[in-house]
Amino acid sequence: MKKLILFFLVLFVIYLIGVYTIPSYIEAQRNPVKTQAPYQVSPEAQQLYDRLDFISDLHCDALLWGRNLTKRGNQGHVDFPRMREANVALEMFTIVSKSPAGQNMQSNSADAFDNITPLTIAKGESPANWFSLINRTLSQSEALFDFVENEGEKAIFIRSKADLEKLIEARKTDKSVIGAMLGIEGGHALEGTLENLDKVYEAGVRMIGPTHFFDNEFGGSAHGQSGEGLTEFGKKVITRMNELGIFIDLAHSSPAIVDDILNQTTKPVMVSHTGVRAVLDSQRNLSDAQIQKIAANGGIIGIAFFDMAVGEPELPNIIASIKHVRDLVGVEYVALGSDYDGSVAVPFDITGLPLIVEGLMKAGFTEEEIRAVMGENMKRFLLKNLS
Ligand SMILES: [Zn+2]
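Here the working numbering is used: the first residue of the sequence shown is 1271, the next is one more, and so on.
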């Protein structure tokens, strides 16, 4: 009996050590930066950067790794202190609930082993989350809510236009006040029910990408196997998302879904983190025809920062992708959509955003255009379309 108790005690201690070390180890492996902070830019670029009063980013997966986002991390790409250091006003934190083993840009099976299951267990999450996508999603939602709550007046969870107006007002006198929005990457998180859509709306989710790396109840992924458009369920959810005021994120959707949604939606869409085919011809990226349709819909396109979206070396290609959208449809449709902490290697963490400003200046963007790209477009889009 004593031996048995000792055995379980040892097992428990090993588990605790695992919870403390494994997620952090995995994160360090999955989310490197190519150049470590601090970052140097020209005095002109820094001065322009410092004049920006609303910098925002459309996509960050920092919630996945179990890091306390109210503390400055020594790995990964984003947390609240680093947002403040970079004078960032608003970040869209997105929830990843399932990720296929051997994840790739070309073709992934929905039945592949799910990499998030061992991560969820290693994070020490409740057994209720171990095999439930909706519970994992609600748990990450609560985590963001708690981080924001712990900041008191210094952080605002943005669910409505009124919340955003509060953030803008607060930042007039205190730039350390930051905003956080919540999104979902992959509609499989809803486990095929409309009730779960209402639940995530209640939890603060205001953006959902129908598919992630594999086909699901909504239809085909850009990296799935079917290439299908929206299913009947997918169409119903899109209608309900329009009614509730949850933005549709077209990132990772099959071209057929992109078309179906643009035909159906009554609201402007987002593409939270993408590249463009004119710069990198990849199946995760937008064609010129898609960019034109999204602009016609009044949508907004966030350009991602990693090589699989823009090509290497990243910075010149990030700038080229932003420039391409501007030249094709106008500067008002393009924003930042880093994909920070999204299992990607990026050239710099969020404190390196002045490098984007420097790149845009070199590419001949005016100060007004740089303001638009760095956050004003996102702010205007949200003020117009959030209820
Ligand atoms: Zn993604």
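Positions of the beta carbon are idealized from the N, C-alpha and C atoms, including for glycine.
Whole-number beta carbon distance between residue 1611 and residue 1331, since they are thought to touch under 8 Å | As a working mapping, residue 1331 is identified with position 61 in the sequence shown. As a working mapping, residue 1611 is identified with position 341 in the sequence shown. Right, their Cβ atoms sit about 5 Å apart.
Would you call the region 1306-1320 and the region 1624-1636 touching, i.e. three or more CB-CB distances under 8 Å?
-> yes
Would you mind reading off the limits of the beta strand (DSSP E) that contains residue 1364?
-> Residue 1364 sits at position 94 when you count from the first residue of the sequence shown. That run of the beta strand (DSSP E) goes 1358-1366.
Provide the residue span of the beta strand (DSSP E) that contains residue 1426, from first to last.
-> Residue numbering aside, residue 1426 sits at position 156 when the sequence shown is read from its first letter. 1425-1427 is the span of the beta strand (DSSP E), which, as asked, contains residue 1426.
How many Å lie between residue 1474 and residue 1410 at the Cα?
-> Indexing the sequence shown from 1 puts residue 1474 at position 204. Indexing the sequence shown from 1 puts residue 1410 at position 140. The alpha-carbon separation between residue 1474 and residue 1410 amounts to approximately 11 Å.
Drop a sphere of 10 angstroms on the beta-carbon of residue 1367, count the other beta-carbons inside from all chains shown, and report buried for 16 or more, exposed for fewer.
-> One-based indexing of the sequence shown puts residue 1367 at position 97. Buried: at least 16 other Cβ atoms inside 10 Å.
Out of 1501, 1386, 1634, which has the shortest C-alpha to C-alpha gap to residue 1528?
-> Along the sequence shown, read from residue 1 onward, the residue named residue 1528 stands at position 258. Per the Cα distances, 1501.
At 4 residues or longer, and completely inside the region 1507-1576: list those alpha helix (DSSP H) runs for me, N to C.
-> 1525-1534, 1558-1566
Of all Cβ atoms in chain B, is any one closer than 8 Å to the Cβ of residue 1487?
-> Of the protein chains in this structure there is only one, and it is not chain B.
Anticipated Cβ contact below 8 Å, residue 1504 with residue 1488, distance rounded = The residue given as residue 1504 occupies position 234 in the sequence shown. The residue given as residue 1488 occupies position 218 in the sequence shown. Contact holds; Cβ gap of about 4 Å.
Using DSSP bridges, identify the partner residues of residue 1478.
-> For the purposes of this step, residue 1478 is taken as residue 208 along the sequence shown, with counting starting at 1. For residue 1478, which the question treats as bridged, DSSP gives the partners 1454, 1518.
Can you give the beta carbon distance from residue 1347 to residue 1311, rounded, assuming they're within the 8 Å contact cut?
-> As a working note, residue 1347 is residue 77 in the sequence shown. As a working note, residue 1311 is residue 41 in the sequence shown. Contact doesn't hold; Cβ gap of about 18 Å is too wide.
Just how far apart, CA to CA, sit residue 1603 and residue 1379?
-> Against the sequence shown, residue 1603 aligns to sequence position 333. Against the sequence shown, residue 1379 aligns to sequence position 109. About 33 Å.
If you check the beta carbons only, do residue 1619 and residue 1352 fall under 8 Å apart?
-> Looking up residue 1619 in the sequence shown gives position 349. Looking up residue 1352 in the sequence shown gives position 82. Yes, they are a contact pair.
Return the residue from the list 1640, 1548, 1452 that minimises the CA-CA distance to residue 1656.
-> Within the sequence shown, numbered from 1, the residue matching residue 1656 stands at position 386. Among 1640, 1548, 1452, the Cα nearest to that of residue 1656 belongs to 1452.
Can the beta-carbon of residue 1492 be found closer than 8 Å to that of residue 1542?
-> In the sequence shown, counting from the first residue as 1, residue 1492 sits at position 222. In the sequence shown, counting from the first residue as 1, residue 1542 sits at position 272. Not closer than 8 Å, so no.
Thinking just about the alpha-carbon of each residue, which of 1441, 1443, 1449 is nearest to the one in residue 1428?
-> Taking the sequence shown and counting its residues from 1, one reaches residue 1428 at position 158. Closest option to residue 1428, Cα to Cα, is 1449.
Confirm the yes/no value for this check: CB of residue 1615, any heavy atom of ligand 1, distance under 7 Å.
-> Residue mapping note: residue 1615 aligns to position 345 of the sequence shown, counting from 1. It does not: the Cβ of residue 1615 is nowhere closer than 7 Å to a heavy atom of ligand 1.
Quick one: does the C-beta of residue 1455 sit closer than 7 Å to a heavy atom of ligand 1?
-> Counted from its first residue, the sequence shown places residue 1455 at position 185. Residue 1455 Cβ: within cutoff of ligand 1.
Residue ranges of each beta strand (DSSP E) within the region 1287-1355, 3 or longer | 1325-1330
Own chain residues within Cβ distance below 8 Å of residue 1498, not counting five before or after | Here residue 1498 refers to the residue found at position 228 when the sequence shown is read from its first residue. Closer than 8 Å at the Cβ level, and outside the excluded window around residue 1498, lie 1485, 1489, 1490, 1524, 1526, 1527.
Give the secondary structure of residue 1617 by DSSP, where H, G and I count as helix, E and B as strand, and everything else as coil.
-> Along the sequence shown, one-based indexing puts residue 1617 at 347. Three-state DSSP puts residue 1617 in coil, outside helix and strand.
What's the gap between the Cα of residue 1651 and the Cα of residue 1570?
-> For the purposes of this step, residue 1651 is identified with residue 381 of the sequence shown, where counting begins at 1. For the purposes of this step, residue 1570 is identified with residue 300 of the sequence shown, where counting begins at 1. Rounded to the nearest angstrom, the two C-alpha atoms are 7 Å apart.
Three-state secondary structure (DSSP) of residue 1500 | Along the sequence shown, read from residue 1 onward, the residue named residue 1500 stands at position 230. Three-state DSSP puts residue 1500 in a strand.
Cβ shell of residue 1645 (< 6 Å), same chain only, five flanking positions each side left out | Along the sequence shown, read from residue 1 onward, the residue named residue 1645 stands at position 375. Result list for residue 1645: 1324, 1325, 1326, in chain order.
Is it the case that the CB of residue 1332 approaches a heavy atom of ligand 1 more closely than 7 Å?
-> Residue numbering aside, residue 1332 sits at position 62 when the sequence shown is read from its first letter. With a cut-off of 7 Å, the C-beta of residue 1332 is classified as distant from ligand 1, since no heavy atom of the ligand falls inside that distance.
Near residue 1455, what residues of its chain come up, given a Cβ to Cβ distance below 6 Å and the 5 sequence neighbours on each side ignored?
-> Here the question's residue 1455 lines up with position 185 in the sequence shown. Counting only Cβ-Cβ distances below 6 Å, and skipping sequence neighbours, we find 1364, 1366, 1479, 1482.
CB residue 1607 to CB residue 1328, shorter than 8 Å?
-> Your numbering for residue 1607 matches position 337 in the sequence shown. Your numbering for residue 1328 matches position 58 in the sequence shown. Yes, the pair counts as a contact, with Cβ atoms nearer than the cut-off.
Check whether the region 1585-1594 touches the region 1285-1292, counting contact only when three or more Cβ pairs, one atom from each stretch, lie closer than 8 Å.
-> no
Throw me the rounded Cβ distance for the residue 1550 and residue 1587 pair, which I believe falls under 8 Å.
-> Counting from 1 along the sequence shown, the entry for residue 1550 is found at position 280. Counting from 1 along the sequence shown, the entry for residue 1587 is found at position 317. About 7 Å; that satisfies the 8 Å criterion.
Could you tell me whether the Cβ atoms of residue 1350 and residue 1425 are closer together than 8 Å?
-> Your numbering for residue 1350 matches position 80 in the sequence shown. Your numbering for residue 1425 matches position 155 in the sequence shown. Going by C-beta atoms, residue 1350 is nearer than 8 Å to residue 1425.
What is the residue span of the alpha helix (DSSP H) that residue 1595 lies within?
-> In the sequence shown, the residue the question calls residue 1595 occupies position 325. Residue 1595 -> alpha helix (DSSP H) spans 1584-1599.
Beta-carbon separation of residue 1521 and residue 1544 under 8 Å?
-> If you number the sequence shown from 1, residue 1521 lands on position 251. If you number the sequence shown from 1, residue 1544 lands on position 274. Cβ atoms of residue 1521 and residue 1544: closer than 8 Å.
Between the Cα of residue 1532 and those of 1514, 1560, 1546, 1506, spot the shortest distance and give me the residue it belongs to.
-> Residue numbering aside, residue 1532 sits at position 262 when the sequence shown is read from its first letter. When only C-alpha atoms are compared, the closest one is 1560.
What residues are listed by DSSP as bridge partners for residue 1388?
-> Translated into positions along the sequence shown, residue 1388 becomes position 118. BP columns for residue 1388 are empty, so no partner.
By a C-beta neighbour count over all protein chains shown, 10 Å radius and 16 as the cutoff for buried, is residue 1643 buried or exposed?
-> Within the sequence shown, residue 1643 is the residue found at index 373, counting from 1. Classification for residue 1643: buried.
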